[in-house]
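Going line by line, the protein sequences match chains S and X. All letters in the first sequence, in the order written, are residues 1 to 183 by the working numbering. All letters in the second sequence, in the order written, are residues 1 to 841 by the working numbering. Positions of the beta carbon are idealized from the N, C-alpha and C atoms, including for glycine. Notes follow the structure.
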Amino acid sequence: MGTTASQLGKDLLSEYQELTFLTKQEILLAHKRFTELLSKEEKDLPNTRVSMERILSLPELKSNPFRERICHVFSTSAHQDGSLTFEDFLDLLSAFSDSATLEIKSHYAFRIFDFDDDGTLDCGDLEKLVNCLTGETDDTRLGPEEMRQLINNILEESDIDKDGTVNLSEFQHVISRSPDFVR
Amino acid sequence: MARNVNFALDYPLMETGLESPVDEDGVHDLFNQLIAEQSQNGKLSEAYELQQLQRDLEEEEEEEDRDRVTYLSGPRQDLRERRRQREADQQDDNATDSLMSERWSSATMKILSSMPSRTIGRSRGAIISQYYNRTMQLRRHRQSRPSIKDLSRSARPSIRGYGMETDSADTDAAEVTKTQYLVNNLQNLSLSDRIRMLRAMPLSVAAKSELRSLALKKVKRPHPGSQIPCCSRLKYYIIIAFRQSWYSWLSFLHSLQLWQVALKRVSGRFGTGVLSYFLFLKTLLFFNVFLFVVTGAFLVLPQAVHPPALSDERRPFSGLELLTGAGYFSDTVMYYGYYSNYTLRQHCTDDGDGQKLSVSNGTSVECVLRHLSYNMPLAYFFTIGFAFFITCIILVYSMSKSFGQSFRIDKSHSILAMKVFCSWDFKVIKKTSVKLMSENICTQLKELLAEVNHKHVMITSCQKLLKVMVYSLAWAICIAGTTACALSIYFFSQYMHQNLQERSQSPLKAQNPLLNEASLLALPMLVSVINLLLPGLFNLAAWMEDYQSPSVCTYVAIGRNLMLKVSILGVLCYHWLGRVAADFNGIMCWESFVGQELYRFLLIDFIFTLLDTLLGELLWRLFSQKVLKRRRKPVFDIARNVLDLIYGQTLAWLGVLFTPLLPAVQILKLLLLFYIKKSSVMMNCQSPRKPYRVSQMTTIFITLLCFPSFIGASVCVTYTMWSITPSSSCGPFRGLKTMFQAGKLWVQELEKDNPKLSILARAHAYLVENPFFLFVGAGIFLIVIYFHSQVVDGQRKIISLLQEQIENEGDDKKFLITRLQSIHEQKRTPARRLTSQDSSC
Numbered sequence: 001m002g003t004t005a006s007q008l009g010k011d012l013l014s015e016y017q018e019l020t021f022l023t024k025q026e027i028l029l030a031h032k033r034f035t036e037l038l039s040k041e042e043k044d045l046p047n048t049r050v051s052m053e054r055i056l057s058l059p060e061l062k063s064n065p066f067r068e069r070i071c072h073v074f075s076t077s078a079h080q081d082g083s084l085t086f087e088d089f090l091d092l093l094s095a096f097s098d099s100a101t102l103e104i105k106s107h108y109a110f111r112i113f114d115f116d117d118d119g120t121l122d123c124g125d126l127e128k129l130v131n132c133l134t135g136e137t138d139d140t141r142l143g144p145e146e147m148r149q150l151i152n153n154i155l156e157e158s159d160i161d162k163d164g165t166v167n168l169s170e171f172q173h174v175i176s177r178s179p180d181f182v183r
Numbered sequence: 001m002a003r004n005v006n007f008a009l010d011y012p013l014m015e016t017g018l019e020s021p022v023d024e025d026g027v028h029d030l031f032n033q034l035i036a037e038q039s040q041n042g043k044l045s046e047a048y049e050l051q052q053l054q055r056d057l058e059e060e061e062e063e064e065d066r067d068r069v070t071y072l073s074g075p076r077q078d079l080r081e082r083r084r085q086r087e088a089d090q091q092d093d094n095a096t097d098s099l100m101s102e103r104w105s106s107a108t109m110k111i112l113s114s115m116p117s118r119t120i121g122r123s124r125g126a127i128i129s130q131y132y133n134r135t136m137q138l139r140r141h142r143q144s145r146p147s148i149k150d151l152s153r154s155a156r157p158s159i160r161g162y163g164m165e166t167d168s169a170d171t172d173a174a175e176v177t178k179t180q181y182l183v184n185n186l187q188n189l190s191l192s193d194r195i196r197m198l199r200a201m202p203l204s205v206a207a208k209s210e211l212r213s214l215a216l217k218k219v220k221r222p223h224p225g226s227q228i229p230c231c232s233r234l235k236y237y238i239i240i241a242f243r244q245s246w247y248s249w250l251s252f253l254h255s256l257q258l259w260q261v262a263l264k265r266v267s268g269r270f271g272t273g274v275l276s277y278f279l280f281l282k283t284l285l286f287f288n289v290f291l292f293v294v295t296g297a298f299l300v301l302p303q304a305v306h307p308p309a310l311s312d313e314r315r316p317f318s319g320l321e322l323l324t325g326a327g328y329f330s331d332t333v334m335y336y337g338y339y340s341n342y343t344l345r346q347h348c349t350d351d352g353d354g355q356k357l358s359v360s361n362g363t364s365v366e367c368v369l370r371h372l373s374y375n376m377p378l379a380y381f382f383t384i385g386f387a388f389f390i391t392c393i394i395l396v397y398s399m400s401k402s403f404g405q406s407f408r409i410d411k412s413h414s415i416l417a418m419k420v421f422c423s424w425d426f427k428v429i430k431k432t433s434v435k436l437m438s439e440n441i442c443t444q445l446k447e448l449l450a451e452v453n454h455k456h457v458m459i460t461s462c463q464k465l466l467k468v469m470v471y472s473l474a475w476a477i478c479i480a481g482t483t484a485c486a487l488s489i490y491f492f493s494q495y496m497h498q499n500l501q502e503r504s505q506s507p508l509k510a511q512n513p514l515l516n517e518a519s520l521l522a523l524p525m526l527v528s529v530i531n532l533l534l535p536g537l538f539n540l541a542a543w544m545e546d547y548q549s550p551s552v553c554t555y556v557a558i559g560r561n562l563m564l565k566v567s568i569l570g571v572l573c574y575h576w577l578g579r580v581a582a583d584f585n586g587i588m589c590w591e592s593f594v595g596q597e598l599y600r601f602l603l604i605d606f607i608f609t610l611l612d613t614l615l616g617e618l619l620w621r622l623f624s625q626k627v628l629k630r631r632r633k634p635v636f637d638i639a640r641n642v643l644d645l646i647y648g649q650t651l652a653w654l655g656v657l658f659t660p661l662l663p664a665v666q667i668l669k670l671l672l673l674f675y676i677k678k679s680s681v682m683m684n685c686q687s688p689r690k691p692y693r694v695s696q697m698t699t700i701f702i703t704l705l706c707f708p709s710f711i712g713a714s715v716c717v718t719y720t721m722w723s724i725t726p727s728s729s730c731g732p733f734r735g736l737k738t739m740f741q742a743g744k745l746w747v748q749e750l751e752k753d754n755p756k757l758s759i760l761a762r763a764h765a766y767l768v769e770n771p772f773f774l775f776v777g778a779g780i781f782l783i784v785i786y787f788h789s790q791v792v793d794g795q796r797k798i799i800s801l802l803q804e805q806i807e808n809e810g811d812d813k814k815f816l817i818t819r820l821q822s823i824h825e826q827k828r829t830p831a832r833r834l835t836s837q838d839s840s841c
């Protein structure tokens with residue numbers, strides 16, 4: 001289901017309202033922004049997929065270091081290329097909206113941070129995560145010794161069953177204890 | 001496989017003959033089902049994200065002899081090599097050290113990667129099972145006992161109460177899948193529960209809409225022999241209509257949200273820290289709007305419609321009134337003195353010139369046409385009391401909610417993990433801000449690492465002594481500065497007071513009225529100057545002290561600023577309620593005078609904030625960029641600005657009793673302040689470099705708004721109402737001993753008029769005036785607090801026990817995996833030995 005025709009149907013709108021955390025105005029605004037990304041021919045096709053490059057041209061995502069992971073996580077395409085339909089786009093906005101539950105946010109945050117998609121955050125994932133956080137340039141990155149220490153500390157603090165990785169439940173446990181997980 | 005047979009509940013799954021028993025939390029259920037699926041059909045599980053991994057593993061399995069190491073797809077190779085080098089020396093001992101060591105066979109890897117702890121968030125089937133269990137639990141909670149006549153006779157009595165065996169009659173046992181069970185459960189939930197469950201599922205919108213359409217499609221057949229009575233159908237329609245209107249009302253409210261675009265721009269550039277200042281401003285605005293509506297509707301409007309007879313001539317309007325609030329404004333509805341002390345009545349006779357009022361106290365005039373009467377003193381008393389009471393409730397509620405969000409039982413561990421996982425602020429979208437945030441995070445991580453790993457930096461006792469001396473010196477400076485300012489305000493106010501007294505006693509003609517009015521502005525200006533300059537002194541002291549931890553630095557700064565403001569307000573309250581009220585009684589309307597003073601204070605505070613924004617932020621930025629050639633703009637000091645807001649709000653609360661229109665002034669001030677601060681922040685500032693823990697700070701600010709600010713204001717107002725004699729020449733309480741007496745008199749009158757209400761009077765006398773009930777109430781609160789603290793202690797103990805248990809389970813898991821691996825290897829090595837023997841012969 002789903003359409004990218006120029007107007008959203010009323011029952012479709014109410015369905016989206018029920019299934020996501022967005023309000024009616026937000027859904028309409030999202031629809032407007034999404035259709036701006038489409039070319040003229042694509043506007044009439046239902047269920048168009050927009051490629052990752054075009055999604056990444058949105059100003060909200062352009063400077064975000066996690067932009068590619070975000071596209072991959074929310075994409076339902078069979079080719080795993082990060083392209084999004086309108087419904088995937090709504091999923092994205094819903095997960096980042098203010099009224100989303102903590103569980104949804106932590107679930108998607110975990111998937112975004114899981115760079116190799118294996119269901120846990122192991123040392124490689126954590127290293128990539130810290131590098132994304134600290135930025136692109138070399139003078140803001142941590143040195144290899146500091147990185148190793150940091151990862152050891154993180155695993156010591158959050159890996160409860162001591163298997164060397166942080167799985168979803170452990171991640172959610174850490175998140176639930178931090179009041180600043182606002183996003 | 002061991003079976004956990006639950007006799008308590010009759011799960012329909014057990015009847016359909018699935019091998020695995022369904023457990024309450026569904027984790028073991030997933031494991032068994034996943035293994036069963038894999039072994040039954042041998043194809044990939046529904047975890048399509050793991051398909052790539054699985055395919056690689058199966059390819060590896062075909063190339064048999066490489067059991068030692070699994071080379072997975074490309075990008076991970078170099079990482080594994082690095083890790084192998086690190087663990088080269090550890091390979092011999094502790095095979096159980098980490099489950100990510102590469103010595104597992106591909107079969108083991110396959111099982112590892114499809115373990116429930118790794119797939120619980122990933123595979124669709126796992127999520128659906130998890131939500132099936134949750135909906136089941138929710139149904140059990142919501143289920144009310146169905147009446148016996150609705151059930152078939154053959155149902156066993158013990159399970160009649162649950163009503164869920166009626167499901168099996170409807171569903172076709174042969175084709176049931178997890179999805180259908182979930183859909184079934186969703187149907188049986190109420191609409192709001194269903195919507196909530198659907199929203200909370202971490203599936204894609206397409207999958208959720210499928211579930212929803214399935215849930216809506218199947219119509220639940222009504223039980224045989226039971227009709228839906230027409231009144232419940234009507235109730236159903238009413239509920240639907242109500243829900244539709246509620247949704248549209250919510251959307252409408254959301255569209256009305258004040259300043260949404262502006263707040264988004266601020267948060268996009270500066271993050272959640274600076275945003276919290278503006279949100280706090282918005283909260284204060286709503287408090288003031290509420291106050292204004294209440295006082296406006298109950299006090300200002302009735303009095304404005306029935307103006308009292310004016311005794312003096314009105315002073316002409318000159319522009320100075322806007323600043324001083326005196327002059328023309330002093331005889332308007334703005335101040336306490338204007339309000340009448342009698343019951344307002346509508347005119348009963350039809351003479352054309354408006355309101356003829358009966359001036360006597362409380363004697364009723366029989367009105368033929370209208371009986372509308374409005375007891376002004378009582379209204380004044382109860383309106384103020386009611387407004388304060390409701391504000392108190394709202395404040396305490398928001399404070400406890402905010403506190404509940406930011407307080408955690410187990411705060412000591414996992415600072416680093418929390419920082420890494422939670423510190424990225426996704427609201428920020430501007431590129432330079434993103435870069436700045438990355439730099440901040442990097443610095444914070446480095447600092448935290450240093451703090452965590454090198455906990456004890458040895459400092460000599462000489463250095464310690466030096467540190468202590470520096471701290472005490474800084475504190476001494478701050479306290480001395482605060483005391484000096486408080487004393488200066490005290491003496492200056494005394495001087496102004498004497499001046500005023502002399503002037504009121506000397507003849508009118510010898511004075512310059514404008515100069516007199518202007519001199520009233522001197523005290524507010526002094527206070528505002530102190531408020532502006534002294535925080536600078538505190539900053540200097542903090543720079544001298546050089547705190548290690550930035551949060552301690554923030555708390556110390558807040559504490560010092562708070563101390564300053566509390567002492568200033570204390571001195572001022574003493575001046576107004578102690579000196580002015582006592583000395584001016586009978587000479588003039590002291591309440592109006594105090595109201596005017598508060599108006600002046602509020603206004604001058606606003607003007608100085610404006611000046612500070614212009615000078616402090618704009619000029620400083622120009623100066624630092626052009627002259628000092630610094631790259632960075634000045635930092636927006638959130639804590640100081642929020643404390644300024646709290647100070648202004650305290651003044652407004654103090655003044656409501658004396659100036660019922662003061663909330664309107666405060667509303668205007670806050671509106672203007674928002675736009676000015678927003679433009680200034682966008683142009684001139686950058687976000688704070690130090691880490692800012694938003695929710696903790698917000699809790700602190702709401703607490704400060706409640707405790708020193710609101711409680712102080714209400715204590716002052718209560719003291720005024722309870723003990724101070726109102727002035728005898730003006731205001732609604734003239735002639736009474738205290739303002740509180742108005743209430744007492746009313747109760748006595750009620751009793752006189754209607755003897756049956758004497759119970760009310762007696763209850764009032766016992767409850768309000770008897771301190772015994774206060775003690776009982778306080779005792780009950782203390783007991784409740786004690787119980788809650790015991791509960792929290794117990795929960796802490798349970799948490800540590802559970803953590804131990806999870807660690808043990810992790811050890812079990814590692815043990816089982818290594819055993820599995822060794823058995824697998826044993827099975828393969830005889831085969832290999834045979835083939836190698838064959839080839840060698």
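Review point. Tell me which same chain residues have a C-beta within less than 7 angstroms of the C-beta of Arg83 (chain X), skipping the five on either side of it?
Key: No answer about Arg83 (chain X) holds up, because its pLDDT of 49 lies below 50 and its placement is not dependable.
Point to revise | For Leu22 (chain S), the three-state DSSP class (helix, strand or coil) | key: Three-state result, Leu22 (chain S): coil.
Practice item. Can you tell me which of the three DSSP states Asp353 (chain X) falls into? Key: Unreliable placement is indicated for Asp353 (chain X), whose pLDDT of 35 sits below 50; no coordinate value is reported for it.
Point to revise | chain X contacts made by the stretch 32-49 of chain S, where a contact means CB separation under 9 angstroms | key: For the stretch 32-49 of chain S, which is checked against every Cβ of chain X, not one residue is closer than 9 angstroms.
Review point. Which of helix, strand or coil does DSSP assign to Leu13 (chain X)?
Key: Because Leu13 (chain X) sits at a pLDDT of 35, beneath the cut-off of 50, its placement in the model cannot be relied upon, and the following sentence gives the value as read from the coordinates. Three-state DSSP puts Leu13 (chain X) in a helix.
Point to revise | Met682 (chain X) burial status per 10 Å Cβ neighbour count (16 or more: buried) | key: Exposed, since its Cβ has fewer than 16 Cβ neighbours within 10 Å.
Review point. For Glu42 (chain S), is the classification buried or exposed, using 16 other Cβ atoms within 10 angstroms of its Cβ as the cut-off for buried?
Key: Glu42 (chain S) is exposed by the Cβ-count criterion.
Point to revise | Closer than 8 angstroms at the beta carbon, the chain X residues around Gln7 (chain S) | key: Chain-ordered listing is empty here: chain X has no CB closer than 8 angstroms to the CB of Gln7 (chain S), the nearest sitting near 18 angstroms.
Review point. Would you call the stretch 736-750 of chain X and the stretch 375-383 of chain X in contact, with 3 or more CB pairs under 8 angstroms?
Key: These segments touch.
Review point. Helix, strand or coil for Val428 (chain X) per DSSP?
Key: Coil at Val428 (chain X), not helix or strand.
Exercise for review: Tell me where the beta strand (DSSP E) around Ser373 (chain X) begins and ends.
Suggested key: For Ser373 (chain X), the enclosing beta strand (DSSP E) stretches over residues 373-375.
Practice item. Return helix, strand or coil for Leu58 (chain S), following the three-state DSSP convention. Key: Of the three classes helix, strand and coil, the one that applies to Leu58 (chain S) here is coil, per DSSP.
Practice item. Select from X:Ile127, X:Ile195, X:Val266, X:Ser245 the residue whose C-alpha is nearest the C-alpha of Asn684 (chain X). Key: Shortest Cα-Cα distance from Asn684 (chain X) to any of X:Ile127, X:Ile195, X:Val266, X:Ser245 involves X:Val266.
Point to revise | Through-space distance from Arg148 (chain S) to Thr443 (chain X), alpha-carbon basis | key: Cα to Cα, Thr443 (chain X) sits roughly 16 angstroms from Arg148 (chain S).
Point to revise | Residues of its chain near Leu12 (chain S), where Cβ-Cβ distance is below 6 angstroms and the 5 sequence neighbours each way are ignored | key: Scanning its chain for C-beta atoms nearer than 6 angstroms, with the 5 sequence neighbours on each side dropped, one finds no residue around Leu12 (chain S).
Practice item. Below 8 angstroms on the Cβ atoms is my guess for Ala387 (chain X) versus Val656 (chain X); work out the distance and round it to an integer in Å. Key: Contact between Ala387 (chain X) and Val656 (chain X) is confirmed by a C-beta separation of about 7 angstroms, below the 8 angstroms threshold.
Point to revise | For Arg86 (chain X), the three-state DSSP class (helix, strand or coil) | key: Any reading at Arg86 (chain X) needs caution, since the residue's pLDDT is 45, under 50, leaving its predicted position unreliable; the model's value is listed next. In this structure, Arg86 (chain X) counts as helix in the three-state DSSP scheme.
Point to revise | Identity of the residue in X:Ile799, X:Leu651, X:Ser680 nearest Gly712 (chain X) by Cα | key: Comparing Cα-Cα distances from Gly712 (chain X) to each of X:Ile799, X:Leu651, X:Ser680, the minimum goes to X:Leu651.
Exercise for review: Have a look at X:Arg142, X:Leu186, X:Leu760 and flag the residue whose alpha-carbon is nearest the alpha-carbon of Tyr132 (chain X).
Suggested key: The candidate whose alpha carbon is nearest that of Tyr132 (chain X) is X:Leu186.
**Study point:** Listed by chain order, chain S residues near Leu416 (chain X) by CB distance under 7 angstroms
**Key:** Taking the beta carbon of Leu416 (chain X) as reference, the chain S residues within 7 angstroms of it are Leu150, Asn153, Ile154, Glu157, listed in sequence order.
Check your understanding: Ordered along the chain, which non-local residues of its own chain (more than five positions away) have a Cβ less than 6 angstroms from that of Met721 (chain X)?
Key -> The answer, listed in chain order, is Met739, Phe740.
Review point. Is the beta carbon of Leu22 (chain S) less than 8 angstroms from the beta carbon of Leu92 (chain S)?
Key: For Leu22 (chain S) and Leu92 (chain S), no; Cβs fall outside 8 angstroms.
Review point. Leaving out the 5 sequence neighbours to the left and right, which residues in its chain are closer than 7 angstroms to Lys208 (chain X) when beta-carbon positions are compared?
Key: The residues are Leu198, Met201.
Review point. Within the 8 angstroms Cβ cut-off, does Leu56 (chain S) reach chain X?
Key: When Cβ-Cβ separations below 8 angstroms define contact, Leu56 (chain S) makes no contact with chain X.
Check your understanding: Is it right to say Phe623 (chain X) is buried, meaning 16 or more other beta carbons lie within 10 angstroms of its own, or is it exposed?
Key -> A residue is called buried when at least 16 other Cβ atoms come within 10 angstroms of its Cβ; Phe623 (chain X) does not meet this threshold and is exposed.
Practice item. Work out the CA separation of Glu145 (chain S) and Asp793 (chain X) for me, nearest whole Å. Key: Each residue's alpha carbon lies about 39 angstroms from the other.
Practice item. May I have the straight-line CA-CA distance separating Gly777 (chain X) from Phe608 (chain X), to the nearest angstrom? Key: If you take the alpha carbons of Gly777 (chain X) and Phe608 (chain X), they lie about 44 angstroms apart.
Check your understanding: Which residues in chain S sit within 7 angstroms of Trp424 (chain X), going by Cβ to Cβ distance?
Key -> The contacting residues are Leu133.
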